[in-house]
Structure formats: structure tokens, C-alpha cells
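Q: The structure follows.
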Amino acid sequence: MACNSTAVGASYQEGRDFKPFLWPSQPPADCPFEPSKDIVGVAFTGVHSDYHVADTWYPSWASDGNLYSPWTDGSAPRADGTRENSNSGVGPDATTGQAVLIGDDPLNLKIVSLGLFKGDASPYRGRYPCGSLVHNGVWYYGTYCLAPDGLVRYGDQAFNWPWLGPCVGFRTSTDFGKTWTDTPHTPAKPLFGETGMWGYPVKIGSPHFVDFGRNMEHSPDGKAYLVAHGAPAPDPKPRFGNLSWISGDQIYLLRVTPSIENINDASKYEFFAGRDGEGRPIWTRDFAKIRPLIDWNNNCGCVTVTYNAPLKRYLMCVTDGWPTCAKMNSYILEANEVTGPWRLVTYMKDFGEQGYFLNIPTKFISPDGRTAWLCYSGNFAKDWRGEVMQEKPPGSHYGLVLQQIRLLDDTTRRKYLEQP
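In this text, residue positions in the sequence shown follow our numbering: the first is 282, and each later residue adds one.
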């Protein structure tokens, strides 16, 4: 189902909030991706939202037309006009929030918190939201663990949650977030049996569901796909905080037929295990045989994927946020298939300047696929390392940010290059 013209911001004049511009793509010299020939850049139209709430927003488009999302580390408004606070970094008392985003206009959404859920993070310190999907009336809400604390000193340098822990599992709701059934798993005994204690690298730490549109309507086979960032052991290029909530070395892919019975059963998942001699994807149920979808040491991090149905392209957003609380780099890739090969659309150095949790909600993709809204949060640690973060592009504040973007072809790219 395509969204209407208001939803994609057709009624908003470019330059409403700042002068439109083409983000210059500046990939590192060792970038492993070929440039895209179909989406050759990203322009920011100068139109953005202004929602001052908590962070960690990953909207899922449900069959009732609403978006449902996790949130935490801050506050969100309740239906009665009050606000409630969630804090995911307090060990046994960690909470995560859930909310509904009502409306078709990205700049005028009604955000309503649906409450908090307590989940013990022990033996870790943080337990945060990750993959969130609403499908056929069931909300699957994942959490993952972080350690050792939200502010860590390594020598004279500050780090934020430098150790990524495992995906614990998924709690479920059959009434759009009013009541919940907890995951049967715990941080000590998580869904895929991984441990992130003392910085040991996981592969499926904070997975996110591929956004296939309203009620997952564009899934190629009815399965839910997830992507996650991880790291190898041993690491050929070790560094402190290498695999954190926002940095890592590799991207992994997995899939499952979504149901309450399957979502917390590791045996029901299939893992991407590389390609055969003819280049076809290999899928396995043996976690030990999992292989990275993308392998770019010291250049990966938090990852999401959206299927752009009008363009028939998958869009992947990756943030390399090492050293976790300074400027962050994000890049967008595109592919015909979720298994790749992936091609570079743009590499946005210092995006945000500290932009994180990037995703592209399918609800706000235009009928031609060329206009979308980039969802993210920004600048939670404005000056932790002695440099004050700027809002780049403007509007990149802490909370929920929606920036209108254009996915450019050669003709529209020239337009933005030639504008005064």
C-alpha cells in the first residue's frame, strides 16, 4: 500500500527549514562497495520534524495503519497528557518503552506512549530495544544487552557502552502493546546462546527486522528477515570498544517465519552462510556456520534495512559510530536482493554530527520511491570528548528526527549540484 501525498511531504516546500543540499559522499579508500548506478546520491530537502522525546525509534507499519515503535532513555507523552520516563541502563531495574505513532504526515504525528516494560539486564548493565515488528496483529519486541556502563573511561578517553551483549529474545503482544508476554530467555541464557561478557564478540547482538512495508506485505516469502552487526574472534584489527552498540566489523543476516511459537525458538531460524560455487545464497540452521553478509573491519555498526517497493531495491543504513560518543559516520547501500550484492549510495561522514539508529520507514516512501524520510536520533553525547557536536543537518537533535530526503538518479543529482 503506497502512502498518500501528504505522508511523503509533497505539501512541504523544499527549504522550509534549511537550504536543500546534496550530501557529499566521502567513502574511505578501502570501501569494498561498488557505487550504485541507480541511486547515485542522497539530497536533504531542508524539511525536518521536531519531536523532543526519548531515542531508539524503529517504527513498524501495522495492518491498522499506525506505526508502532520501541523507545527509551528519556520521556514520551502518554494519552492523558503526562509524560513517562524509561531508562534502559540501570541493571536489574532497566526498562524499555513502547509507543504508537498515529497519522500520515511525518511532521504531525501523534506520539503516544503505551507504557514501560521492566527487564533485568543482569549480568550486564544495560538492556535496550532492538528488533521490533508488528505482523498479523502480533508485536514482536526484542531487547539486547550492553556493558559495562553508559560512561566508561579507558585511559583518558570516554566511551559509551563499549561492549555489545547478546539479543535476549522477544516479548510479544497481541493487543498492540497494551499487554505483553515476556520472552522465555534471559541475558545469561539468550536466544542464540551468545555471550558478550568482558567484550567477547557476538554476531547477533542487536538485530533489526527488515521493513517490508505495511504488515510485512512485501516479504518475498512470508518470512521476517533480520540484520545485525557483529565482529570476529580473534579480531585482526583489535581496538577498545570495537564491538559496541554502534560499532563493529561485520553485518549478519537471518530469517524466521514469524509466529509466537517461532520467534523465541533458535531452531526455527535460518542464517545466511555465504554463497555456493555459483554465487547463490546458502542458508543454514546451524548457527556455527553463519557467515557475514558484509565484512568491513572497523567500519560497520548499527544496521537497518528497508525494502523500497517502488524502486524494487533494498536500502541498508549502517552507522560506524566508533569510538561511541564522538562524531559518527553513516552510509546507505542498495541491492536488488536482501542477500546482495550491495552497492554504495552515499557515505555520509560526520552525519548528525552524531547521528545514530538510522532507518527509513516504508510508510513515508513516495509512490515513485524517490522521496523518503530518514528516521534517526542525534547528539546524545554533545561534548563527551572535548568537541561540541553540531546539528548536521539542522534538526539533528536528541529524540526522534525525521528528515525528508531524495534518492537521486543522475538527472536529479545534477539539479542539486547546479543549484546556487
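No residue lacks a Cβ here, since even glycine has one placed at the ideal position from N, Cα and C.
Whole angstroms are fine: how far does the CA of Pro-308 sit from the CA of Met-629?
A: The straight-line gap from Cα to Cα measures roughly 8 Å.
Q: How big is the Cα-Cα spacing for Ser-306 and Ile-613?
A: Straight-line Cα distance between these residues: approximately 10 Å.
Q: Leu-698 lies in the alpha helix (DSSP H); which residues open and close that run?
A: It spans 691-699 - the alpha helix (DSSP H) in which Leu-698 sits, taken as one unbroken run.
Q: Tell me the DSSP secondary structure of Ser-548 in three-state form.
A: Helix.
Q: Whose CA, out of Phe-552, Pro-301, Asn-578 and Asn-589, lies closest to the CA of Ile-571?
A: Minimum Cα distance to Ile-571 is reached at Phe-552.
Q: Apart from the five residues on each side of it in sequence, which residues of its chain come closer than 7 Å, Cβ to Cβ, to Leu-698?
A: So the list reads Leu-303, once near-sequence residues are dropped.
Q: Around the Cβ of Ala-310, are there at least 16 other Cβ atoms within 10 angstroms (buried) or fewer (exposed)?
A: That one is exposed.
Q: Spell out the partners DSSP gives Ser-413 in its beta bridges.
A: In the DSSP output, where bridge partners are listed per residue, Ser-413 has Tyr-422.
Q: By the 10 Å Cβ neighbour count, where 16 or more other Cβ atoms means buried, how is Thr-600 classified, buried or exposed?
A: With 16 or more Cβ atoms within 10 Å of its Cβ, Thr-600 is classed as buried.
Q: Does DSSP classify Phe-645 as helix, strand or coil?
A: Correct three-state label for Phe-645: helix.
Q: Compare the C-alpha of Arg-651 against each of Tyr-481, Ser-658, Trp-461 and Lys-593 and name the closest.
A: Ranking Tyr-481, Ser-658, Trp-461 and Lys-593 by Cα distance to Arg-651 puts Lys-593 first.
Q: How would you call Val-508, buried or exposed, if buried means at least 16 neighbouring beta carbons within 10 angstroms?
A: Its Cβ being crowded by 16 or more others within 10 Å, Val-508 is buried.
Q: State yes or no: is the C-beta of Leu-574 nearer than 6 Å to some heavy atom of the ligand NAD?
A: The ligand NAD is absent from the structure shown, which contains no ligand whatsoever.
Q: In three-state terms, what does DSSP make of Gly-480?
A: Here Gly-480 sits in helix by DSSP.
Q: By DSSP's criteria, Leu-348 is part of a beta bridge. Which residues make up the other side?
A: The partner list for Leu-348 (beta bridge, DSSP) reads Trp-342 and Leu-382.
Q: In the DSSP assignment, find the beta strand (DSSP E) that holds Ser-356 and state where it starts and stops.
A: Counting along the chain, the beta strand (DSSP E) containing Ser-356 begins and ends at 355-358.
Q: Spatial neighbours of Asn-543 within its chain, please: CB distance less than 7 Å, with the 5 preceding and 5 following residues excluded, ordered by chain position.
A: Answer for Asn-543: Val-537 and Lys-549, listed in chain order.
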